[in-house]
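I have placed the structure first, in the form of structure tokens, so that the comments after it can refer back to it.
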Amino acid sequence: MQLTPEEQEMLAGRHGNAKRKAMELLVALGTIYGADRLIPITSAHLSGVSYKTIGEGGIDFLEEMARDGKVAVPTTLNPMGMDSQRWREMGIGERFAERQLHIISLYERMGVDVSCTCTPYLLTNRPKVGEHIAWAESSALSFANSVLGARTNREGGPGALAAAITGRTPNYGLHLDRNRRPTHVVEVEEGITREEWSLVGHTVGRKLGACIPFFRGLGNDANGLKSLAAAMAASGSVAMFMVDKVTPEQPDSLEGLPVLKVTRKDVEETVSRLRTGDRPDLIAIGCPHLSEREIKELAGYLDGKEKRSGVEVWFCTSKGVWLRCPKERAVLERFGKVLCDTCMVVAPIEGLHQVTASDSAKACAYLPGLCSQKVFCGTQRELLEMIL
Ligand code: F3S
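Heads up: the sequence shown begins at 5 in the numbering used here, then just goes up one per residue.
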């Protein structure tokens, strides 16, 4: 891999220890994947934030990087393990909270924007078509590649941090035109609604695995697309998809590509796979984090209704969206907690809850393994009707 004189200096440690470590990591990644050089990035988004997922080993790494490391490009953070204000109400213990806040302080020291969300593109970190970025949240990076037309590989937490600190990433994979072409055509049966796109995504990811599907007959609903991106990334490691007339890069030809039809029967089969429990003690909505429009739609539906069940309900969103919706969140608070900075998967809910219901196929795919939960997947309406 060709390095510029400045990059060679970083690798030799002349710009400090954090830059040296970061450059070593990027050179190792670039060598493994056959990159010819490093390319500049315009932003980074980091995972590896919850104390539950990174533990003390992750803290040791961050402490070392934060000694002299500073991010070189605008950098945002994924959700952490708790709402920074309401962690006691979530049932989180003092020790977890202290370690979690320590992690956030380390990122802050490195200059990272610590509003923790998996939808940074709804706030300040919204890359434009053709920008090279290094993002590490699978749902967000897929949205960035597929809907915004930016370019990122599926980064891990340390790789994205290394890119943020050097302002560069190895030039391979989805940074290259030749790897951004569809591998399959997906036709979605008429009558499948936007609320079900998460289930469509889970179905496609499960059936095709890592691929670049081109969707026909889907339309352009940003909230539906964020759910689709999240579900496909979780079930099939899909880092990019294309939607007819939506994705900025449209293919010249689809000739000869295998076609997958997603039918009502497929969606029903996916629902039954994602229902391993039936009496939820937690209903969690907002994976990926709720957008302003989703919060307004939820509040519009719930306003004037009454909660008739004691089941705990979480609406997960970003602090930025939370700030924009004061009236609507007051409505939602009558039915549950509007939580910021966190989500049902990265919070330590194991031991606190046994059966979690969610409208997100991604959450329902991860909750059994990461949180020891039985799950109940349903549309938002189905879940809310359980408490009305
Ligand atoms: Fe976001 Fe958590 Fe889902 S990070 S995509 S809400 S699992």
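Ideal placement from N, C-alpha and C gives every residue a C-beta, glycine not left out.
- Task: Would you kindly work out how many angstroms separate the C-alpha atoms of G115 and Q6, rounded to a whole number?
- Result: For the purposes of this step, residue 115 is taken as residue 111 along the sequence shown, with counting starting at 1. For the purposes of this step, residue 6 is taken as residue 2 along the sequence shown, with counting starting at 1. C-alpha separation (whole angstroms): 28 Å.
- Message: Checking the sheet assignment: what are the DSSP bridge partners for V266?
- Response: Within the sequence shown, residue 266 is the residue found at index 262, counting from 1. Answer by DSSP bridge pairing, in chain order: V192.
- Message: Residues around ligand 1, please: the condition is that the C-beta lies closer than 5 Å to some non-hydrogen atom of it.
- Response: Every residue whose beta carbon comes nearer than 5 Å to a heavy atom of ligand 1 appears here in chain order: P83, C122, S143, A234, C291, P292, C347, V349.
- A101, enclosing alpha helix (DSSP H) - first and last residue: As a working note, residue 101 is residue 97 in the sequence shown. Start and end: 98-113.
- Query: How many angstroms separate the CA atom of S146 from the CA atom of M244?
  - Reply: Taking the first residue of the sequence shown as 1, we reach residue 146 at position 142. Taking the first residue of the sequence shown as 1, we reach residue 244 at position 240. Rounded to whole angstroms, S146 to M244 spans 5 Å at the Cα level.
- Message: Considering just the uninterrupted stretch of the alpha helix (DSSP H) at G324, what are its terminal residues?
- Response: Counting from one through the sequence shown, the residue named residue 324 turns up at place 320. That run of the alpha helix (DSSP H) goes 323-328.
- Item | Given W326 as reference, the closest of L180, R182, K132, K300 once Cα atoms are compared | For the purposes of this step, residue 326 is identified with residue 322 of the sequence shown, where counting begins at 1. Here the closest residue by C-alpha is K300.
- Y37, buried or exposed, once every other Cβ within 10 Å from all chains shown has been counted against 16: Within the sequence shown, residue 37 is the residue found at index 33, counting from 1. That one is exposed.
- If I'm right that W318 touches G340 with Cβ under 8 Å, what's the distance once you round it to whole angstroms? By 1-based counting over the sequence shown, the position of residue 318 is 314. By 1-based counting over the sequence shown, the position of residue 340 is 336. Correct: roughly 6 Å between the Cβ atoms.
- Query: T57 lies in the alpha helix (DSSP H); which residues open and close that run?
  - Reply: Counting from one through the sequence shown, the residue named residue 57 turns up at place 53. Residues 55-72.
- Tell me whether the beta-carbon of A367 lies closer than 8 Å to the beta-carbon of V342. Position 363 of the sequence shown, counted from the first residue, corresponds to residue 367. Position 338 of the sequence shown, counted from the first residue, corresponds to residue 342. Against a cut-off of 8 Å, the Cβ pair of V342 and A367 comes out as no contact.
- Query: Which whole runs of the beta strand (DSSP E) in the region 174-253 are 3 residues long or more, in chain order?
  - Reply: 188-192, 217-220
- Message: In the DSSP assignment, the alpha helix (DSSP H) including G34 goes from what residue to what residue?
- Response: By one-based count along the sequence shown, residue 34 stands at place 30. Taken as a continuous stretch (DSSP letters only), the alpha helix (DSSP H) holding G34 covers 21-37.
- Query: Three or more C-beta pairs closer than 8 Å, one from the region 321-336 and one from the region 94-112: is that the case here?
  - Reply: no
- Item | Close beta carbons around L286, own chain, < 6 Å, minus the five adjacent residues each side | Working through the sequence shown from its first residue, we reach residue 286 at position 282. Same-chain partners within the cutoff: E316, H357, T360.
- Name the residue from D345, D270, G62 whose alpha carbon lies nearest to the alpha carbon of G195. Position 191 of the sequence shown, counted from the start, is the residue given in the question as residue 195. The candidate whose alpha carbon is nearest that of G195 is D270.
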